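S.K.: Dumping the structure here so I can ask a few things about it.
There are 2 protein chains.
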Amino acid sequence: MSYPTLEPGGSLLIAWQLRGRRVLLVGGGEVAAGRLVLLKNADAHVTVLCAPEGLGKEMKYRIEVEQVVDKYIPEPYSREEQLTCGENGEMYDMILTAIDDPEASREICAWSRARHIPVNVADVPPECDFYFGSVIRRGPLQVMVSTGGKGPRLARQIRQRLENAIPSYTGDAIERVGSLRSALRKIAPRPEQSAARMSWMTDVCETWTIDQLAELDDESIPLVLEGWHDRTVPAYSQVMQSKRNWHWPRMQNVASFLLGVTSTAAIIVALAHRTHR
Amino acid sequence: MSYPTLEPGGSLLIAWQLRGRRVLLVGGGEVAAGRLVLLKNADAHVTVLCAPEGLGKEMKYRIEVEQVVDKYIPEPYSREEQLTCGENGEMYDMILTAIDDPEASREICAWSRARHIPVNVADVPPECDFYFGSVIRRGPLQVMVSTGGKGPRLARQIRQRLENAIPSYTGDAIERVGSLRSALRKIAPRPEQSAARMSWMTDVCETWTIDQLAELDDESIPLVLEGWHDRTVPAYSQVMQSKRNWHWPRMQNVASFLLGVTSTAAIIVALAHRTHR
């Protein structure tokens, strides 16, 4: 059997969706500021709970200058009521703490877990439903390096190596492939075509290299889509050739027009000259 | 200000902890089998809900030959009661579906969300609390490549590039750094030493390269720890030199012992020879 061998002892790496979800961040120091960046990059609605004297430089900047914190409550954590939001005591969708108070952390953690609210307590791994890793971001591309808490600093070092291995145009390539997929969905919209669409998109992504995919544009996408009808993938060179050919008639039109303008002008000038004489 | 620039539009990449948690996996095809591998690699307790005729080759192998599925319920999904576990209708900690039935998928999703149970519905992104990415595993190291659903196939291509950028000894390096940290915690156990411990560990990880860290062993770890007392990091070459020097006296002892044995034997033989004569 050639199925992948199981390798227990890891975590389940996932991309949590936070767009518009309400997150409570308890704390205002350096670690909390780092968490805030991760949350805002995931489009969360963030409430920060922290006494004013606990705010670090970055958190102050994010709250006062950038104003990216959706709600700032200038109090230290002291009671459970602070863990709900709104007037009706609604639940947050996620709670993160980054404070130097193990007892309060443990209390917040137990409270959240009892309510099935995903919770992370910075620097207290056993209290966490999930850990953070070291992250690379290139537009729609996100890469996380996790050592399951065994080597957070080493994770950062490995992340740097990986950053060098991701070409700068990778984000573009992903955007362009997204556009190609949308365009394909327009010409093949039926749900029963879904498997064929996915299989053809795979073929495209495996035939073209990442740097070639990054060159896809409004002109070349229709040319690639021509392959969809007989389920083939046009070669990159072929598409670029057709793109040039497609430009050529337009270039000829422009040249003809300019020739017309020039000769007309010449005739008018000549006539004017003659009339003048 | 030099704080990182926010880049909205992404997801929150996290390492979810599933050790001993109960997960319901609805479906038995190729996608479900892939999910099972991710779940078992994270030490989850997995229940598979799928009619026998819906089981694919890999899932059959995992259930019957490998026996890594903790509980197999040979029924198709048809009613909400199947979404709870145990005799008292306890909640699962996570629910994943990978079935070709959009209506059932949507129902399972709505049911789970109403109960704050993290849920993923394969191929139906809007129904998901979280997405999966393409994953690299090297012992305790896990790397996830996510395109936020924009290019799952491209993610696989990028993952392959990254795989080549991670040296094979990286898993070893993480394990060894973990051993160094445990040894450090033994000689500096107090909680108030935590910040100093973390800072010194960072220095070690940034002074030694990954391949050098992978060479740490029971002999060299105490030598590196000697630097802790004055908060310095011994150079790799210095530690390897000391390790050789540490071997040398032992080698000398062994040599002296052998010399002793040989000469004693020679004397005895000589005496015996003389007596015999």
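Going down the list, the protein sequences come from chains H and G.
For the first sequence, the numbering used here gives the first residue as 2, with consecutive numbering after it.
For the second sequence, the numbering used here gives the first residue as 2, with consecutive numbering after it.
For every residue, glycine included, the Cβ atom is placed at its ideal position computed from N, Cα and C.
No experiment lies behind these values; they were computed from the predicted model shown.
Determine contact between the segment 67-75 of chain H and the segment 43-56 of chain H, defined as no fewer than three beta-carbon pairs at a distance below 8 Å.
M.R.: The answer is yes - the segment 43-56 of chain H touches the segment 67-75 of chain H, with three or more Cβ pairs under 8 Å.
S.K.: Hey, is the segment 203-214 of chain G in contact with the segment 164-178 of chain G, meaning 3+ C-beta pairs nearer than 8 Å?
M.R.: Output reads yes: the segment 164-178 of chain G touches the segment 203-214 of chain G.
S.K.: Quick check: the Cα distance between residue 109/H and residue 100/H, rounded to an integer number of angstroms?
M.R.: Here residue 109/H refers to the residue found at position 108 of the first sequence. Here residue 100/H refers to the residue found at position 99 of the first sequence. About 11 Å.
S.K.: State whether the segment 78-88 of chain H contacts the segment 57-65 of chain H, with contact taken as three or more CB pairs (one from each stretch) at a distance under 8 Å.
M.R.: Result no; under three Cβ-Cβ pairs closer than 8 Å.
S.K.: How would you write the range of the beta strand (DSSP E) that residue 17/H sits in, first residue to last?
M.R.: For this step, residue 17/H is matched to residue 16 along the first sequence. From DSSP, the beta strand (DSSP E) with residue 17/H extends over 13-17.
S.K.: Does any residue of chain G bring its CB to less than 8 Å from the CB of residue 216/H?
M.R.: Within the first sequence, residue 216/H is the residue found at index 215, counting from 1. Not one chain G Cβ lies under 8 Å of residue 216/H.
S.K.: Is the CB-CB distance between residue 25/G and residue 175/H below 8 Å?
M.R.: Position 24 of the second sequence, counting from 1, holds the residue named residue 25/G. Position 174 of the first sequence, counting from 1, holds the residue named residue 175/H. Not in contact: residue 25/G and residue 175/H (Cβ atoms no closer than 8 Å).
S.K.: In terms of alpha-carbon separation, which member of 65/G, 42/G, 277/G lies closest to residue 288/H?
M.R.: Within the shown structure, residues of chain H are numbered from 2 to 278, placing residue 288/H beyond reach of any answer.
S.K.: Go ahead and label residue 188/H buried or exposed: buried means 16 or more other beta carbons lie within 10 angstroms of its beta carbon, across all protein chains shown.
M.R.: Residue numbering aside, residue 188/H sits at position 187 when the first sequence is read from its first letter. That one is exposed.
S.K.: Along chain H, which residues have their Cβ under 8 Å away from the Cβ of residue 117/G?
M.R.: Position 116 of the second sequence, counting from 1, holds the residue named residue 117/G. The contacting residues are 92, 116, 117, 118.
S.K.: Looking at the strands, I want to know which residues DSSP matches up with residue 91/H.
M.R.: Translated into positions along the first sequence, residue 91/H becomes position 90. DSSP, once it has assigned bridges, lists 86/H as partnering residue 91/H.
S.K.: Where does residue 90/H land, buried or exposed, given buried means 16+ other C-beta within 10 angstroms?
M.R.: Along the first sequence, one-based indexing puts residue 90/H at 89. Classification for residue 90/H: exposed.
S.K.: Please list the terminal residues of the continuous alpha helix (DSSP H) segment that includes residue 214/H.
M.R.: Sequence index remark: in the first sequence, residue 214/H carries index 213 (1-based). Segment 211-214, the alpha helix (DSSP H) holding residue 214/H.
S.K.: In its own chain, which residues sit with a C-beta less than 7 Å from the C-beta of residue 98/G, not counting the 5 before and 5 after it?
M.R.: The residue you call residue 98/G lines up with position 97 of the second sequence. The answer, listed in chain order, is 27, 28, 106, 109, 122, 123.
S.K.: For the beta strand (DSSP E) holding residue 147/H, just list the boundary residues, first then last.
M.R.: On the first sequence, position 146 is the one that residue 147/H refers to. From DSSP, the beta strand (DSSP E) with residue 147/H extends over 142-147.
S.K.: What do you get for residue 148/H, buried or exposed, if any count of 16 or more other CB atoms within 10 angstroms of its CB means buried?
M.R.: The residue given as residue 148/H occupies position 147 in the first sequence. Looking at its Cβ environment, which holds 16 or more other Cβ atoms inside 10 Å, residue 148/H is buried.
S.K.: Return the residue from the list 179/G, 225/G, 135/G that minimises the CA-CA distance to residue 163/G.
M.R.: For the purposes of this step, residue 163/G is identified with residue 162 of the second sequence, where counting begins at 1. Checked all of 179/G, 225/G, 135/G; the closest Cα to residue 163/G is 135/G.
S.K.: So, does the CB of residue 258/H fall closer than 8 Å to a CB anywhere in chain G?
M.R.: On the first sequence, position 257 is the one that residue 258/H refers to. So no, residue 258/H is outside the interface.
S.K.: Have a look at the DSSP bridge pairing and note the partners of residue 121/G.
M.R.: Taking the first residue of the second sequence as position 1, residue 121/G is located at position 120. According to DSSP, residue 121/G bridges with 97/G.
S.K.: Could you name the residues of the segment 131-142 of chain G whose beta carbon sits closer than 7 Å to any beta carbon of chain H, in the order they occur along the chain?
M.R.: From the segment 131-142 of chain G, only 131, 132, 133, 134, 136, 138, 141, 142 have a Cβ closer than 7 Å to chain H.
S.K.: Let me make sure I understand the geometry here. Which of 95/G, 56/G, 195/G, 140/G has the alpha-carbon closest to that of residue 75/G?
M.R.: If you number the second sequence from 1, residue 75/G lands on position 74. Comparing Cα positions, the closest option is 56/G.
S.K.: Assuming contact is defined by CB atoms lying nearer than 8 Å, are residue 79/G and residue 96/G in contact in what I supplied?
M.R.: By one-based count along the second sequence, residue 79/G stands at place 78. By one-based count along the second sequence, residue 96/G stands at place 95. Contact flag unset, no.
S.K.: Evaluate the contact criterion for the segment 197-211 of chain H versus the segment 228-236 of chain H: three or more CB pairs, one atom per stretch, below 8 Å.
M.R.: Enough Cβ pairs lie closer than 8 Å, so yes.
S.K.: Along the chain, where does the beta strand (DSSP E) that runs through residue 48/G open and close?
M.R.: Against the second sequence, residue 48/G aligns to sequence position 47. That run of the beta strand (DSSP E) goes 46-50.
S.K.: Is DSSP giving residue 62/H helix, strand or coil here?
M.R.: Along the first sequence, read from residue 1 onward, the residue named residue 62/H stands at position 61. DSSP places residue 62/H in helix when its eight states are reduced to three.
S.K.: Considering only heavy atoms of the ligand SAM, does any lie closer than 7 Å to the CB of residue 147/H?
M.R.: Absence of the ligand SAM is noted for the structure shown, with no ligands found whatsoever.
S.K.: Going by the CB atoms, is the gap between residue 40/H and residue 19/H shorter than 8 Å?
M.R.: In the first sequence, the residue the question calls residue 19/H occupies position 18. In the first sequence, the residue the question calls residue 40/H occupies position 39. Their beta carbons are under 8 Å apart, which means residue 19/H touches residue 40/H by this criterion.
S.K.: Check for me: the alpha helix (DSSP H) holding residue 175/G runs from which residue to which?
M.R.: Indexing the second sequence from 1 puts residue 175/G at position 174. 171-188 is the span of the alpha helix (DSSP H), which, as asked, contains residue 175/G.
S.K.: Should residue 261/G be labelled buried (16 or more other beta-carbon atoms within 10 Å of its own) or exposed?
M.R.: Looking up residue 261/G in the second sequence gives position 260. It is exposed - the Cβ of residue 261/G has fewer than 16 other Cβ atoms within 10 Å.
S.K.: Please say whether residue 34/H and residue 143/H have beta carbons closer to each other than 8 Å?
M.R.: As a working mapping, residue 143/H is identified with position 142 in the first sequence. As a working mapping, residue 34/H is identified with position 33 in the first sequence. No, the pair does not count as a contact, with Cβ atoms beyond the cut-off.
S.K.: Tell me which residue opens and which closes the beta strand (DSSP E) that residue 135/G is part of.
M.R.: Along the second sequence, one-based indexing puts residue 135/G at 134. Segment 135-139, the beta strand (DSSP E) holding residue 135/G.
S.K.: Starting from residue 72/G, follow the alpha helix (DSSP H) in both directions and report where the run begins and ends.
M.R.: By one-based count along the second sequence, residue 72/G stands at place 71. Careful: residue 72/G lies outside any alpha helix (DSSP H), inside the beta strand (DSSP E) at 72-74.
S.K.: Report the rounded CA-to-CA distance for residue 241/H versus residue 226/H, giving the unit in angstroms.
M.R.: Translated into positions along the first sequence, residue 241/H becomes position 240. Translated into positions along the first sequence, residue 226/H becomes position 225. Cα to Cα, the separation comes out at about 14 Å.
S.K.: Apart from the five residues on each side of it in sequence, which residues of its chain come closer than 6 Å, Cβ to Cβ, to residue 146/H?
M.R.: Stepping through the first sequence from its first residue, residue 146/H is reached at position 145. Within the same chain, residue 146/H has close Cβ partners 134, 135, 156, 159, 160.
S.K.: What are the boundary residues of the alpha helix (DSSP H) that includes residue 39/G?
M.R.: As a working mapping, residue 39/G is identified with position 38 in the second sequence. It spans 31-42 - the alpha helix (DSSP H) in which residue 39/G sits, taken as one unbroken run.
S.K.: Got a sec: is the Cβ-Cβ distance from residue 163/H to anything in chain G below 8 Å?
M.R.: Counting from one through the first sequence, the residue named residue 163/H turns up at place 162. For residue 163/H, the answer is yes, since a Cβ of chain G falls inside 8 Å of its Cβ.
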